[in-house]
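What the sequence shown shows, in our numbering, is residues 90 to 233, in sequence order. Let me begin by presenting the structure, written as structure tokens, before commenting on it.
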Amino acid sequence: MWRDRKLVAALAAGPLFWLFLFVLGARPGDLGWPLRAPLDFVLPALAFPLLEEFIFRGGVQQLLRDVLGTRGIGSLSAANLLTSVLFAALHFIHHPPLWAALTFFPSLVFGYFMDRDRRLRLPMLLHVFYNFGYYWLFGAPPAG
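This is the structure we're talking about:
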């Protein structure tokens with residue numbers, strides 16, 4: 090795994106993004122919160138990423154790949170690009186506009202590994218890793 094430079098870069102992107110949020114002023118909350126509200130943590134950190142990858146990479150992207158083939162821009166297939174647009178668009182339902190739009194970029198990463206390996210394992214792993222770290226560090230529900 091560590092010889093796969095693209096995977097190492099994708100894994101490093103999560104902590105770098107969390108550090109970027111910290112530099113911008115976001116501060117980790119109570120890091121023990123998932124133990125007190127496990128369902129509030131497990132859903133966005135584990136269940137939703139797995140479901141989203143099953144639907145978007147395992148369903149939509151594969152369907153588009155069957156229709157469009159492997160053409161695209163560089164190492165990004167048209168299927169990945171279109172799936173990532175849809176992925177980000179649907180995040181506008183429950184997220185602020187900037188946050189929803191930014192989901193386009195990790196979606197490209199997930200889609201790249203789906204195209205490369207033709208398996209859901211790495212997109213699911215990366216999506217869970219990204220969400221787990223974000224929600225653990227910055228996603229504590231408001232006290233009250």
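Note that beta-carbon positions come from the ideal geometry of N, C-alpha and C, so glycine has one too.
Between the options, which has its C-alpha nearest residue i's C-alpha?
i, options, result
"His216", "Leu179, Ala102, Leu171", "Ala102"
"Phe143", "Leu170, Asn220, Arg210", "Arg210"
According to DSSP, simplified to helix, strand and coil, what is residue i?
i, result
"Gly148", "helix"
Would you mind stating whether residue i and residue j have Cβ atoms separated by less than 9 Å?
i, j, result
"Lys95", "Arg205", "yes"
"Gly161", "Leu170", "yes"
"Gly228", "Pro104", "no"
"Trp225", "Ala168", "no"
CA-CA distance, residue i and residue j?
i, j, result
"Ala126", "Val174", "32 Å"
"Glu141", "His180", "11 Å"
"Phe137", "Gly148", "15 Å"
"Phe111", "Gly118", "11 Å"
"Tyr219", "Gly200", "15 Å"
"Arg116", "Val131", "21 Å"
Mind listing, in chain order, the continuous alpha helix (DSSP H) runs of no fewer than 4 residues lying wholly within the segment 182 to 233? Whole alpha helix (DSSP H) segments, 4+ residues: 186 to 191, 193 to 206, 210 to 227.
Considering only residues of the segment 107 to 142, which uninterrupted alpha helix (DSSP H) runs meet the minimum length of 4 residues and lie entirely inside it, listed in chain order? You should have 122 to 125, 127 to 131.
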